[in-house]
Structure formats: C-alpha cells, structure tokens
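Numbered per our numbering, the sequence shown spans residues 755 to 919.
The beta-carbon is built from N, C-alpha and C at its ideal position, and this holds for glycine as well.
Note that the coordinates shown come from a computational prediction; the quantities given were computed from them, not determined experimentally.
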Amino acid sequence: MTPVATLLVVCIGNLCRSPMAEALFRVRLPGIDVQSAGIGARDGQPADPHAVHLMREHGFDLAAHRARRLPPALGARADLILTMDLAQKRWLEQCVPALRGRVFRLGLPDPAAGLPTGFDVPDPYLGPRAAFEHSLRLIERGVDAWCARIASPPSLPSSHSESNR
C-alpha cells in the first residue's frame with residue numbers, strides 16, 4: 755500500500771462515529787489529511803449532542819462539525835477509507851469497485867484480544883450516553899491499531915482478508 759496522505763472515515767450519517775474517529779485521527783496523524791463522511795448523511799446536520807458532549811470531555815470540539823454525504827471525488831482521492839462496520843465496507847466496494855483495496859474496517863482483527871475477525875463499531879445514534887461511550891471505546895481501539903499500522907505500512911492487511919468476514 756502506498757503511504758497514506760488522505761484518510762477518510764465513513765459511517766452512515768456522519769453524526770456520531772465517523773466524526774469522533776476523525777477527531778482522534780487528526781490528533782494522532784497530524785501530517786495526514788483526515789476527513790469523514792456518511793453513506794446516507796443529510797448534508798449540514800450537526801453532530802449528535804451526545805457525541806459533542808462526550809468528545810468535549812475528552813478534549814475534542816465537534817461543535818462545528820456538519821454532516822456530509824460521501825462525495826465521489828473524496829472517495830476517489832482517499833488513500834485509505836475506514837468504515838465502522840463490515841456492511842459499510844462491502845457496500846462501498848460493491849457500489850464503487852474502484853475503491854477496492856483501499857477500504858477497510860476500523861475494527862482490525864486482533865487475535866490476542868479475542869477478535870480474530872475484527873469488530874464493528876455499533877451505531878449509537880439516538881441511543882443513551884452509555885452507547886456513545888461504548889462506541890468511543892471501540893473507536894479508540896481501532897484508531898490506536900490503525901495508527902500503528904500506518905506508521906509501519908508493510909503490516910497493513912489485505913482488503914481480501916476480511917471480505918468474507
């Protein structure tokens with residue numbers, strides 16, 4: 755895989771999970787253009803209030819975030835696209851075959867942690883604060899793993915390795 759200059763984080767509405775991941779990646783990967791978008795986002799919606807408050811408590815400001823539907827040009831120029839679940843990964847690869855090989859789940863396989871096939875980050879939208887906290891913990895785990903992988907590119911997984919999981 756080529757070095758990552760543009761990282762795109764994708765979920766459904768671009769209101770909770772992908773903005774939280776974007777904020778974390780921006781701090782951890784300052785030399786990389788990190789953006790987020792949603793497969794079914796309604797452009798201009800603010801981030802979910804639970805996400806805004808939770809991220810504020812962790813030192814991140816999502817108040818100015820506005821949702822946007824995944825623009826084709828952004829997907830085309832992204833070196834790495836991370837989805838919150840396997841269904842989103844499969845959908846992107848099916849709808850835009852040119853993205854294959856650049857789309858992965860945020861939740862990488864981690865056999866040592868009992869996650870041999872990786873993990874999905876559940877959508878907390880309209881859920882209680884506890885659901886947002888759980889999703890954020892999973893996002894942090896995924897961000898940590900991907901930052902380590904990006905720092906040492908030869909260890910990046912192949913896109914095919916999770917295509918049937």
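Check: Spatial neighbours of Asn918 in its chain, beta-carbon cut-off 7 Å, leaving aside the 5 residues before and after; Outcome: Low local confidence applies: a pLDDT of 43 at Asn918 is under 50, so the model's placement there is unreliable, with the coordinate-based value given in what follows. Correct list: empty, nothing qualifies.
Check: DSSP state of Asp864 mapped onto helix, strand, coil; Outcome: strand
Check: Cβ shell of Leu846 (< 6 Å), same chain only, five flanking positions each side left out; Outcome: Leu853, Val857
Check: Assigned secondary structure, Asn918 (DSSP; H/G/I helix, E/B strand, else coil); Outcome: Caution is warranted here: a pLDDT of 43 is assigned to Asn918, below 50, making its placement in the model unreliable, and the coordinate value is therefore given only provisionally. The answer is coil: DSSP assigns Asn918 none of H, G, I, E or B.
Check: Spatially closest choice to Arg822 from Leu890, Ile904, Val763, Ser906, by CA coordinates; Outcome: Val763
Check: 9 Å Cβ cutoff met for Leu778 and Arg883; Outcome: no
Check: Buried or exposed (CB count within 10 angstroms, at least 16 for buried), Leu869; Outcome: exposed
Check: Continuous alpha helix (DSSP H) assignments of at least 4 residues falling wholly in the region 785-834; Outcome: 803-811, 826-831
Check: Beta-carbon gap between Arg771 and Ile893 smaller than 9 Å; Outcome: yes
Check: Thr871 to Gly798 span [Cα, whole Å]; Outcome: 35 Å
Check: Helix, strand or coil at Met755 according to DSSP, with G and I counted as helix; Outcome: Note on Met755: pLDDT 49, under 50, position unreliable in the model; the coordinate value appears next. Met755: coil per DSSP, three-state reduction.
Check: Start and end residues, alpha helix (DSSP H) containing Val875; Outcome: From DSSP, Val875 is part of no alpha helix (DSSP H); its letter is neither H nor E.
Check: Start and end residues, alpha helix (DSSP H) containing Val850; Outcome: Here Val850 belongs to no alpha helix (DSSP H), and DSSP marks it neither H nor E.
Check: Burial state of Ser790, where buried means 16 or more other Cβ atoms lie within 10 Å; Outcome: buried
Check: For Leu869, the three-state DSSP class (helix, strand or coil); Outcome: strand
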